[in-house]
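*Asks:* In our numbering, the protein residues as written are 245 to 436. Cβ coordinates follow ideal geometry from the N, Cα and C atoms, glycine included. In this text the structure is predicted, and so the values were computed from the model without any measurement.
#1: Helix, strand or coil, according to DSSP, for residue 346 in the structure here?
#2: Nearest by alpha-carbon distance to residue 309: which of 322, 364 and 277 is it?
#3: Do you know offhand how far residue 381's Cα is from residue 324's?
#4: Tell me the rounded alpha-carbon separation between residue 399 and residue 326.
#5: Within this structure, are the beta carbons of residue 427 and residue 417 separated by less than 8 Å?
#6: Would residue 375 and residue 389 qualify as a contact pair, given that the criterion is a beta-carbon distance under 8 Å?
#7: In angstroms, rounded to a whole number, what distance separates the CA positions of residue 290 and residue 341?
#8: From the DSSP output, which residues share a beta bridge with residue 404?
#9: Excluding sequence positions up to five away, which residues of its chain have a Cβ less than 7 Å from the Cβ of residue 391?
#10: In angstroms, rounded to a whole number, what distance separates the CA positions of residue 432 and residue 302?
#11: In angstroms with no decimal places, state the Cα-to-Cα distance between residue 245 and residue 356.
#12: So, helix, strand or coil for residue 314, using DSSP?
#13: Cα separation between residue 453 and residue 351?
#14: Just verifying my parser: in three-state terms, what is the DSSP assignment at residue 308?
#15: Note down, in chain order, each residue of its chain lying with its Cβ closer than 6 Å to the Cβ of residue 345, except the 5 sequence neighbours on either side.
#16: Just curious, the beta strand (DSSP E) that residue 455 is in, first and last residue?
#17: How should residue 410 be labelled, buried or exposed, when 16 other C-beta atoms within 10 angstroms of its C-beta is the threshold for buried?
#18: Look at residue 401 and residue 362 and say whether their C-beta atoms are less than 8 Å apart.
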């Protein structure tokens with residue numbers, strides 16, 4: 245048996261590469277720690293952004309009902325109702341990720357984001373901060389930041405993604421001290 249057969253293969257992980265391509269131009273979540281649970285709480289601004297779509301959609305559906313019942317304008321009522329349903333559905337689909345709570349629970353020893361399979365907290369070796377530029381065809385480019393976790397098995401999972409750099413740094417330090425892991429700052433200098 246050769247000595248090299250016992251050696252495990254090491255994989256290089258590019259920590260400077262962002263996990264997500266896109267990102268919001270507003271603060272979407274903050275990290276909160278309560279007792280043995282750290283979780284992401286959506287900001288009021290993010291929730292209002294989603295609720296506006298739902299309210300506008302409901303208003304258009306009510307206006308469609310009025311057009312149909314009072315004014316007997318069937319074509320216009322169908323158009324308004326369909327458009328209202330589409331906008332409300334879009335708002336509901338936007339708000340759903342905010343309602344599922346991403347959590348780090350010390351009692352169960354698990355990280356759960358309701359998308360990926362659960363990760364044992366003991367397998368999390370570090371947190372990582374990345375930056376990127378979001379490029380738009382018909383709007384200004386803007387900086388965005390990611391907070392990712394890195395496991396001992398080489399998995400990287402996104403935790404936060406928004407453009408408030410100071411809040412992300414605070415959240416990373418809070419979460420790093422909660423988990424007892426280091427925070428790696430992998431931000432690069434980016435010129436917009």
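*Replies:* Walking through what the data contain:
#1: Residue state, collapsed to three classes: coil.
#2: Residue 322 holds the alpha-carbon nearest to the alpha-carbon of residue 309 among 322, 364 and 277.
#3: Roughly 30 Å separates the two Cα atoms.
#4: Their Cα atoms are separated by approximately 43 Å.
#5: Their beta carbons are under 8 Å apart, which means residue 427 touches residue 417 by this criterion.
#6: Yes, Cβ-Cβ distance for residue 375 and residue 389 is below 8 Å.
#7: In this structure, the CA atom of residue 290 is about 11 Å from the CA atom of residue 341.
#8: Looking at the DSSP assignment, residue 404 forms a beta bridge with 391.
#9: If you ignore the 5 residues before and after residue 391, its C-beta comes within less than 7 Å of the C-beta of 371, 373, 403, 404, 412, 415 and 416, all in its own chain and listed in chain order.
#10: Cα to Cα, the separation comes out at about 44 Å.
#11: Per-residue confidence for residue 245 stands at a pLDDT of 47, beneath the threshold of 50, marking its modelled position as unreliable; the derived number appears in the next sentence. Cα atoms of residue 245 and residue 356: separation of roughly 42 Å, rounded to the nearest angstrom.
#12: Reduced to three states, the DSSP call for residue 314 is coil.
#13: For residue 453 there is no data in the structure shown, the boundaries of the chain being 245 and 436.
#14: DSSP, read as helix, strand or coil, puts residue 308 in helix.
#15: Cβ neighbours of residue 345 within its own chain (closer than 6 Å, five residues either side excluded): 283.
#16: This structure cannot speak to residue 455, because the chain is shown only from 245 to 436.
#17: Classification of residue 410: exposed, given that the 10 Å Cβ count is below 16.
#18: In this structure, residue 401 keeps its C-beta atom at 8 Å or more from the C-beta atom of residue 362.
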